[in-house]
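Visitor:
In the UniProt record's numbering, the protein residues as written are 1 to 102.
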């Protein structure tokens with residue numbers, strides 16, 4: 001196999017492995033600059049209402065899964081982190097070998 005054939009085979013295998021990923025959008029001529037502005041950073045900086053609502057719903061669902069009936073979106077991060085730490089310590093104690101300190 002020549003180096004060129006090897007390179008072609010390698011490129012083909014890379015394309016095959018990536019085929020599970022969706023194709024990247026190709027901008028229409030004249031719209032390249034607009035497409036480059038579509039980034040996650042710009043999306044989160046703009047924080048459209050639909051995105052804020054999706055995060056609020058997700059936060060509510062996670063809180064419900066933890067059994068936090070008193071959760072509100074105004075709950076301070078410190079309180080959320082305190083509860084998560086307590087939960088992790090509790091679960092860690094259940095799975096720790098006897099005699100091992102947490």
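Every residue gets a Cβ at the ideal spot worked out from N, C-alpha and C, and that includes glycine.
Where do the N-terminal and C-terminal ends of the alpha helix (DSSP H) with residue 89 fall, by residue?
Guide: Residues 77-95.
Visitor: Leaving out the 5 sequence neighbours to the left and right, which residues in its chain are closer than 6 Å to residue 63 when beta-carbon positions are compared?
Guide: For residue 63, where only same-chain residues beyond five positions count, the Cβ hits under 6 Å are 71.
Visitor: CA-CA distance, residue 46 and residue 27?
Guide: So the alpha carbons of these two residues sit roughly 22 Å apart.
Visitor: Identify the continuous alpha helix (DSSP H) that holds residue 44 and give its terminal residues.
Guide: Element bounds for residue 44: 40-46.
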